[in-house]
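Each remark here refers to the structure printed beneath this line.
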Amino acid sequence: MGRLTVNNVSRTFYKGNGAPTIALSDITLEIKDKEFVCFIGPSGCGKTTLLRIIAGLDTPTSGEILLDGTKISVPDAKRGMVFQEYSLFPWRTVIDNIAFGPQMQGKNKNESLKIAEKYLGLVGLEQFKNSYPYELSGGMRQRVAIARALANDPKVLIMDEPFGALDAQTRNILQHELLEIWRKNNITILFVTHSMDEAVFLADRIVVMSARPGKIVDIIDVDLPHLRDRTAPESNELRNHVLKLLAKEREK
Amino acid sequence: MKINIKNAIHNRELEAISLLTVIVMWQLVADLLVKNKLFLPSFIDVVLSFLKVIKNGALYTDISVSLLHFLIGMFLAFVIGLPIGIIMGWFKGANHIFDPVIEILRPIPPLAWIPFAIIWFGLTHQSAGFVVFIGAVFPIIINTYTGFKSVPVVYVEAAKVLGCMRDQNLIRYVALPSALPSIAAGIRIAMGVGWMCLVAAEMFGVSNNGLGYKIWWHYHLHQMDFVLVYMLLLGFLGLLIDRVFRYYVDDRLLKWRLGIVM
Ligand SMILES: Nc1ncnc2c1ncn2[C@@H]1O[C@H](COP(=O)(O)OP(=O)(O)O)[C@@H](O)[C@H]1O
Ligand SMILES: [Mg+2]
């Protein structure tokens, strides 16, 4: 199961001079098991902060996060994360990067490699097995990062603008692949993006956020079946709706 | 590609010609201008002396004794410097404990320790090793520390969300490999400094054998051709050690860095 409960989570950062930045203000959100939720909002509205707290990399100033009813505070293998910047270990080959998680779970080398092979196949990079990250394109690196996160068999996959640095075409391909993986692996996905198009194409629900202080403006259900036609009238309508919401926030 | 190979051959030729020119000029200057073996032994004098030390076996003893001193010092510098650098770089606050001591000891030139080396260890191999150690340990500490300080946060966080939580594992699987280029650079600097300290320590009589000791010994006998033999040997050996290290560490252990501009 991968049901996430975000209860009244706030996070305030203090600058060097003591001035507070309210990155998140009283966020409450319930994410169902196997749901695909996209977070969208202007930069600085606390999307990364929220995901980092859910991953256990940051602690909220107040409030709590529950995974299947159990409070979480530190990272663990049940929640995988894919970062916006390239986060593959450059000193490990592709296969050793993917095998890292299972290895840390205490599996022996052979077992870890076997699991890694499986996920390497899932992202279709078998022939780059023994390459080092510097030999891969940006799209391939994010594929490996996804495979690495999945190799731990997480219940929740947290993705912070994973395709942000990729060109439009690679991005589209990876979006398709991600949906495929999501369906096969029965996981909950939290996905931050600043692309309307991406959110409308991927999400079951879109969480629209606003900045200073970061809070949720609206949560939109996307009741369109996958695979979605990016140019269908329903998609356009949704996009316009989100755009208007974000524009209204900007005017404030 | 073709042009590159051609250039390489061409460069090799140029290097050989340059070296030959220097040797010929050296010989000519020594024979025709200086005409004094004490002030400037000729190239041929040096070659003949070199053959002599090979024949009487002194060369092998001296090289192995010097390498022993060097290894003792480098080994100690590594097993003491690396953990200190790791602790300083990884655990918050630890550098405040070590820093004052290091900052006081580091500016003392390693050779200033020679009297204490002799008092503490006598005229032993350990004594020479100790002076090498003093010279080599600080570059290793400092480069390990900087390497650990500059481990990208994203690698540490990626490891944490993959279930690698304990400091011991984060150091072993993330920080150490990430800092390895910096540590390797530190070891290379340390070997350079250590090599210099070695010669000085041996010349000061910290030991009764070795390449540095022989320079001083032959100087007292006014055999400057032998002095030059040992000088050149020290240069070549230093270069060789650096090359071997480069080959094994930079080209093999650090080949993942190929894509990174250095
Ligand atoms: N470690 C930090 N220290 C201080 N301020 C931070 C830190 N992380 C984020 N912030 C601030 O919190 C706010 C939200 O940041 P972030 O979560 O990165 O936004 P987003 O990902 O939506 O662009 C920003 O104003 C940012 O400056
Ligand atoms: Mg962000």
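Residue numbers (our numbering), protein chains in the order written: chain A, 1 to 252; chain B, 1001 to 1262. Backbone N, C-alpha and C fix where the C-beta goes; we use that ideal spot for every residue, glycine too. This one's a predicted model, so the numbers in the text were calculated from it and none came from an experiment.
Three-state class that DSSP yields for residue i in the structure shown
i: B/K1160; result: helix
i: B/D1242; result: helix
i: B/M1231; result: helix
i: A/M1; result: coil
i: B/E1015; result: helix
i: A/M104; result: helix
i: B/L1038; result: coil
i: A/D58; result: coil
i: A/G139; result: helix
i: A/F191; result: strand
i: A/T70; result: strand
i: A/D229; result: coil
i: A/L157; result: strand
First through last residue of the alpha helix (DSSP H) which encompasses residue i
i: B/Y1060; result: 1058–1090
i: B/G1186; result: 1176–1203
i: A/V74; result: Careful: A/V74 lies outside any alpha helix (DSSP H) and carries neither H nor E.
i: B/L1048; result: 1043–1055
i: A/Y132; result: Per DSSP, A/Y132 belongs to no alpha helix (DSSP H) and is neither H nor E.
i: A/M196; result: 196–202
i: A/S87; result: Run containing A/S87: none; DSSP gives neither H nor E here.
i: A/L243; result: 233–251
i: A/L120; result: 109–122
i: A/L179; result: 168–185
i: B/D1167; result: 1167–1170
i: B/I1211; result: The sequence given here has Leu at residue 1211 of chain B, not Ile. Where B/L1211 is concerned, the enclosing alpha helix (DSSP H) stretches over 1211–1220.
i: B/A1117; result: 1114–1121
Contacts around residue i, its chain only, beta-carbon distance under 7 Å, and the 5 residues preceding and following it disregarded
i: B/L1038; result: H1222, M1224
CB contact check: residue i to chain B, cutoff 8 Å
i: A/G80; result: yes
i: A/V74; result: yes
i: A/R148; result: yes
i: A/M104; result: yes
i: A/S137; result: no
i: A/F89; result: yes
i: A/A211; result: no
i: A/L57; result: yes
i: A/N130; result: no
i: A/N152; result: yes
i: A/Y14; result: no
i: A/Y134; result: yes
i: A/A77; result: yes
i: A/G46; result: no
i: A/E111; result: no
i: A/G101; result: yes
Limits of the beta strand (DSSP E) - the one that residue i falls within
i: B/F1148; result: B/F1148 -> not in any beta strand (DSSP E); alpha helix (DSSP H) instead, spanning 1125–1149.
i: A/K215; result: 215–221
i: A/F39; result: 36–40
i: A/L24; result: 20–31
i: A/N8; result: 4–14
i: A/M209; result: 205–210
i: B/I1108; result: Premise fails: B/I1108 is in no beta strand (DSSP E) and is neither H nor E.
i: A/D153; result: No beta strand (DSSP E) contains A/D153, which DSSP labels as neither H nor E.
Below-8 Å beta-carbon distance, residue i vs any chain A residue
i: B/P1177; result: yes
i: B/V1154; result: yes
i: B/V1161; result: yes
i: B/C1164; result: yes
i: B/A1271; result: Since the displayed chain B opens at 1001 and closes at 1262, residue 1271 of chain B lies outside it and no answer follows.
i: B/E1013; result: no
i: B/L1170; result: no
i: B/L1258; result: yes
i: B/A1158; result: yes
i: B/I1017; result: no
i: B/M1262; result: Confidence is the limiting factor: at B/M1262 the pLDDT is only 44, short of 50, which leaves the residue's position unreliable, though a coordinate-based value still follows. False, the Cβ-Cβ gap to chain A never drops below 8 Å.
Same chain, Cβ closer than 6 Å to residue i, five either side skipped, listed in chain order
i: B/V1261; result: Confidence at B/V1261 is low in this model, with a pLDDT of 46, below 50, so its placement is unreliable and the value that follows should be read with caution. None.
i: B/W1195; result: G1238
i: A/T5; result: E30, L66
i: A/S131; result: V94
i: A/P42; result: A211
Cβ shell of residue i (< 8 Å), same chain only, five flanking positions each side left out
i: B/I1063; result: L1211, L1233, L1237
i: B/Y1155; result: V1174, S1178
i: B/Y1219; result: V1227
Exercise. Would the segment 1098–1114 of chain B and the segment 1148–1164 of chain B be scored as touching if the rule is three or more Cβ pairs under 8 Å?
Worked result: no
Exercise. Does the count of Cβ pairs from the segment 184–198 of chain A and the segment 6–21 of chain A closer than 8 Å reach three?
Worked result: no
Exercise. Should the segment 1184–1194 of chain B be called in touch with the segment 1131–1145 of chain B, which here means at least 3 C-beta pairs below 8 Å?
Worked result: yes
For this session: Count the CB pairs spanning the segment 77–85 of chain A and the segment 145–161 of chain A that are closer than 8 Å, and state whether there are at least three.
Result: yes
For this session: Specify whether the segment 1124–1133 of chain B and the segment 1141–1157 of chain B touch according to this definition: at least 3 beta carbon pairs, one from each stretch, less than 8 Å apart.
Result: no
Problem set entry | Those residues, in chain order, that have a beta-carbon closer than 7 Å to some heavy atom of ligand 4 | Because ligand 4 does not appear in the structure shown, any question about it cannot be addressed here, the ligands present being ligand 1 and ligand 2.
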